[in-house]
Amino acid sequence: MQIASWNVNSIRSRLDHAIKFLEENDIDVLCLQELKCQDHEFPAEQFEAMGYKCYTYGQKAYNGVAILTKIEPTDIEYGFSDKAFEEQKRIIKATIKGFDIYNIYAPNGNNPKDEKFIYKEGWFKRLKRMLKNEAGLDKNKVVICGDYNIAPTDADVKDPKKSFGKICFHPTEHEWFNQLIDLGLSDCFRIFDKTEKVFTWWDYRAGSFQTNKGMRIDHFLTNDLANAEIDNCYVIKEPRTWEKPSDHTPIVISTKD
DNA sequence: ATGGCTCCCCGTGGGAGA
-12 MQIASWNVNS IRSRLDHAIK FLEENDIDVL CLQELKCQDH EFPAEQFEAM
38 GYKCYTYGQK AYNGVAILTK IEPTDIEYGF SDKAFEEQKR IIKATIKGFD
88 IYNIYAPNGN NPKDEKFIYK EGWFKRLKRM LKNEAGLDKN KVVICGDYNI
138 APTDADVKDP KKSFGKICFH PTEHEWFNQL IDLGLSDCFR IFDKTEKVFT
188 WWDYRAGSFQ TNKGMRIDHF LTNDLANAEI DNCYVIKEPR TWEKPSDHTP
238 IVISTKD
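Going by the numbering used here, the residue at position 159 of the first sequence is 146; the numbering climbs one at a time, nothing skipped.
Dropping the structure here:
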């Protein structure tokens, strides 16, 4: 089984890219972020024609997440269990082949002095509480993928000195990320690829992609029970080279059966 | 270099993204 995660920056603007990506790659489960559309506006028919069932948690203009799957899920959950942060649709979960797959789109935070940074902190605290108290990390195969809006280490930005303290590379954000890791999760990409400067996002502006001035902010966090069945985690860079691309590119894990 | 691009909205500029 292959599970992909991709922030498409509007599914309606990126429909052709999403289809092309699924045609060119053997993906069983596609986790999408930043749909920027409501559930009834999601172009489900096109994906259904390719054999995917679509579970969407969308909203108008901003945010929105979806899980597209060729394999029938045994459970779907929308949002946090207590409806916290319900005003921004950023988390959906599907249980597929015994894997609890959480698809997240973390808030950006704008800048570390902005009130949106406080919102980002609160959201990560809620995510941590969910993983600690509700996810059953000690007994379930758990995968949390998506756009974390945090580049965790110096290897994950072009110039750590220049990025230090800025949004997505602030020491406080590193604490939030490491607190998730401390629950017993792995940054799955780093199990398989120790290469420095592999990125999943490049700014649209100033030719950032051409100069490879990007960040690795899209991740798969996985627990040991999941890791036992995962045999790869890799970034597929090509979609970022396509015409009118998303600013993010997909990251994928594959499992042994 | 808080700008550059790109997306969205009862739009024709402003907010948001990262």
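C-beta atoms are modelled at their ideal positions from N, C-alpha and C, and glycine is treated no differently. Every value quoted in this text rests on a predicted model; they were computed, and no experiment measured them.
- In this structure, V144 sits near G201, with a CB-CB distance shorter than 9 angstroms.
- Partner residues in the beta bridge of E64, as assigned by DSSP, are K80.
- By the neighbour-count criterion, in which a residue is buried when 16 or more other Cβ atoms sit within 10 angstroms of its Cβ, F151 is exposed.
- In the DSSP secondary-structure assignment, G133 is bridged to I91, H206.
- At a Cβ-Cβ threshold of 9 angstroms, L208 and I131 count as neighbours.
- Listed in chain order, the non-local C-beta contacts of V(-5) below 8 angstroms within the same chain comprise R1, H4, A5, L19, Q20, E21, L22, S233, H235, local neighbours out to five positions each way being set aside.
- Sequence-distant partners of F34 (beyond 5 residues in either direction) whose C-beta falls short of 6 angstroms from its own C-beta, in its chain, are C41, L55.
- Restricting attention to alpha helix (DSSP H) runs no shorter than 4 residues, the segment 150 to 186 encloses them at 158 to 168, 176 to 179, ordered along the chain.
- Within the same chain, T236 come within 6 angstroms of K224 by CB-CB distance, once the 5 residues on both sides are set aside.
- Y42 carries a strand assignment under DSSP once its states are collapsed to helix, strand and coil.
- Residue state for G194 is assigned as helix, using DSSP reduced to three classes.
- P147 sits exposed, since fewer than 16 C-beta atoms from the chains shown fall within 10 Å of its C-beta.
- Taking 8 angstroms as the upper bound for CB-CB distance, N90 and S(-8) are in contact here, some 7 angstroms apart.
- Under the three-state reduction of DSSP output, F86 falls in the strand class.
- If you look at I(-10), you'll find it in the beta strand (DSSP E) that goes -11 to -6.
- The three-state secondary structure of T228, taken from DSSP, is helix.
- Per DSSP, reduced to three states, the secondary structure at G109 is helical.
- Under the criterion of beta carbons closer than 8 angstroms, F86 and A53 do not qualify as touching, at roughly 17 angstroms.
- DSSP places L212 within a helical segment (H, G or I) once states are collapsed to three.
- DSSP places K119 in the helix class (H, G or I) of the three-state scheme.
- Leaving aside the five residues that flank D211 on each side, the residues in its chain whose CB is nearer than 8 angstroms to its CB run, in chain order, G171, S173.
- When secondary structure is reduced to three states using DSSP, K100 falls in the coil class, being assigned neither helix nor strand.
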